[in-house]
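Input: a single structure, listed below in structure tokens.
In my numbering, the protein residues as written are 455 to 653.
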């Protein structure tokens, strides 16, 4: 299969890439790196990406920013980062791809642990994660042509622990290999409308 991997340069994206590349052609996409560059928050840019790529069978998104800050320091602009980038950015990948992805194709999005196991300063990310869970569960029942959509919800990756471990005190790091396998399950399997929890 031809798989478009968005956010390929990040820790989660690299974990997905390592496992998916064993069986599939991977087209890497990033904000400023990869085979193509795109701002997923811009629906028209996502449509242009798909037109440039041509035929594809799956989209894997490991992209999406959120604001980490104390709740009492948040304003609407800061909170919109997670909603515009992590939520709508990934929703845009689905909306723009519905008519152009191959029959039987799949969309795999990425959320995270914080809506299940919150930390201080993580409210924006937690809100985005919960929104993505709701989106895939509902969108799955309206998919046509055998299309599927899921979201992988990983804990903090082992490779990320040196940078972010101080924020995630008491959280057990998740092996990157296990996270990569979750994306393989979503791309190659039959699941749809599911939140695939890793860790």
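Backbone N, C-alpha and C fix where the C-beta goes; we use that ideal spot for every residue, glycine too.
- For residue 466, no beta strand (DSSP E) encloses it; the enclosing alpha helix (DSSP H) starts and ends at 465-474.
- The residue from 484, 459, 543, 601 with its alpha-carbon nearest to that of residue 498 is 543.
- The region 510-525 and the region 455-473 touch, with three or more beta-carbon pairs separated by less than 8 angstroms.
- Shown here for residue 648: same chain residues with a beta carbon closer than 6 angstroms to its own, the five before and five after excluded, namely 604 in chain order.
- Looking at the DSSP output, residue 604 bridges to 562.
- Taken in chain order, the complete alpha helix (DSSP H) segments of 4 residues or longer contained in the region 579-642 are 615-618, 630-642.
- By the CB criterion at 7 angstroms, residue 530 and residue 495 fall outside the cutoff.
- About 7 angstroms separates the Cβ atoms of residue 578 and residue 535, confirming a contact at the 8 angstroms cut-off.
- Counting every other CB atom within 10 Å of its CB across the protein chains shown gives residue 612 a total of 16 or more, marking it as buried.
- Annotation for residue 535: the continuous alpha helix (DSSP H) segment containing it runs 530-535.
- Spanning the alpha carbons of residue 601 and residue 561 requires a straight line of approximately 8 angstroms.
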